[in-house]
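Anchor point for the sequence shown: position 1 equals 306 in the working numbering, and the numbering is continuous, going up by one each time.
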Amino acid sequence: NMDWRKMELSWESSRNFSEYTCTIMDRDVEYTDIEVNLLFVGINNFFLIMDIPVFAGLNGSAIENFSCVIYNIFLMNCTWQAGREAPADTQYFLYWQKSRDEEEMECELYIKDENCRNVGCIFQNVSIGSEKAYFLVNGSSKDSLIQFYDEYLDLYKIEILTAPLNVTAHCTKGSAGCIITWHPPLTSHVEEAKCFQYEISIQNKVKTISWFVFGTEPTLMNIYNG
């Protein structure tokens with residue numbers, strides 16, 4: 306039994322084997338052997354051959370321009386465009402899985418276009434883990450089978466960080482200059498402070514001066530009058 310939405314293959318066997326080898330065969334893809342180790346004790350191998358097209362469905366019906374962004378620490382917004390060849394009644398559904406050990410979840414708050422077609426999703430209470438997250442968008446239509454779209458994303462790469470916290474600046478007219486302090490921005494995951502990069506920009510009526518701080522752990526910076 307092949308569940309294309311979950312990308313899971315399951316079967317029943319009347320005998321116990323120590324190892325199964327699954328061979329996936331497609332007209333456009335080379336043979337792929339996947340060994341599945343089980344807890345059963347035995348000496349035989351079971352070979353399963355599937356002659357099923359991986360990208361079944363109407364060509365051009367899968368979504369396009371899929372992208373996600375995490376903002377305000379715990380919110381994630383994903384958007385996409387309907388496939389150029391998708392029938393007019395096509396409706397899309399988004400599922401995501403944070404890691405292999407967690408349950409798959411469907412979008413609870415879809416963003417719709419003027420035709421009530423799902424073209425995006427807003428997720429709440431999102432946290433960033435160490436594994437890549439898996440996203441899958443499938444579709445349904447009365448006229449045709451709709452191709453699915455899937456992608457793995459590193460969530461930390463799509464996060465828009467909030468501003469640094471507790472920023473203070475104390476300046477004097479003398480040679481002491483300015484002392485600027487701050488704390489790292491809040492994130493939904495544990496992040497080493499040394500991983501952050503900062504830019505400090507000071508403007509006055511005459512000029513703008515910018516400093517970049519890379520790969521350090523800055524919480525205080527002295528800026529002297531020149």
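We put the CB at the ideal spot given by N, CA and C, even for glycine. All figures in this text were calculated on a predicted structure; none of them were measured in a lab.
Using the Cβ count rule (16 or more neighbours within 10 Å means buried), how would you classify residue 316? Counting Cβ neighbours within 10 Å, residue 316 comes out exposed, since fewer than 16 surround it.
Does the stretch 415-426 come within contact of the stretch 449-465, defined as at least 3 CB pairs closer than 8 Å? At 8 Å Cβ cutoff, the stretches do not touch.
Output the distance between the C-alpha atoms of residue 411 and residue 436, rounded to the nearest integer angstrom. Our two residues, residue 411 and residue 436, have alpha carbons roughly 19 Å apart in a direct line.
Per the contact definition of three or more C-beta pairs closer than 8 Å, is the stretch 426-434 in contact with the stretch 386-394? These segments do not touch.
Return yes when the Cβ of residue 398 is within less than 9 Å of the Cβ of residue 443, no when it is not. In this structure, residue 398 lies closer than 9 Å to residue 443 by Cβ.
Would residue 366 pass as a contact of residue 450 if the rule is Cβ separation under 9 Å? It is a contact, given that the beta carbons lie within the stated cut-off.
Within 10 Å of its beta-carbon, does residue 454 have 16 or more other beta-carbons around it, so buried, or fewer, so exposed? Buried, since its Cβ has 16 or more Cβ neighbours within 10 Å.
Using the beta-carbon count (16 or more within 10 Å), is residue 402 buried or exposed? Burial call: buried.
Using the C-alpha atoms, what's the distance from residue 363 back to residue 431? CA-CA distance, residue 431 to residue 363, rounds to 33 Å.
Can you tell me whether residue 500 is helix, strand or coil according to DSSP? Of the three classes helix, strand and coil, the one that applies to residue 500 here is helix, per DSSP.
Between residue 471 and the rest of its own chain, which residues show a CB-CB distance below 7 Å, the 5 nearest in sequence each way excluded? Same-chain partners within the cutoff: 487 and 488.
How long is the line joining the alpha carbons of residue 407 and residue 446, rounded to whole angstroms? Whole-angstrom Cα-Cα distance: 29 Å.
From residue 484 to residue 373, what does the alpha carbon distance come to, in whole angstroms? Going from the Cα of residue 484 to the Cα of residue 373 covers about 38 Å.
What are the residues that DSSP puts in a beta bridge with residue 396? For residue 396, which the question treats as bridged, DSSP gives the partners 445.
Reduced DSSP category for residue 417 - H, G, I as helix; E, B as strand; rest coil: Note: residue 417 maps to strand in three-state DSSP.
Straight-line gap, residue 508 to residue 378 (C-alpha atoms, nearest Å): Spanning the two alpha carbons is a distance of roughly 29 Å.
Does the separation of the CB atoms of residue 494 and residue 457 fall below 9 Å? Judged by beta-carbon spacing, residue 457 lies beyond the 9 Å limit of residue 494, meaning their Cβ atoms are not closer than that value.
According to DSSP, is residue 433 helix, strand or coil? Looking at residue 433 - three-state DSSP - the assignment turns out to be coil, as it is neither helix nor strand.
Going by other Cβ atoms of all chains shown within 10 Å of its Cβ, with 16 needed for buried, is residue 395 buried or exposed? The residue is buried, with at least 16 neighbouring Cβ atoms inside 10 Å.
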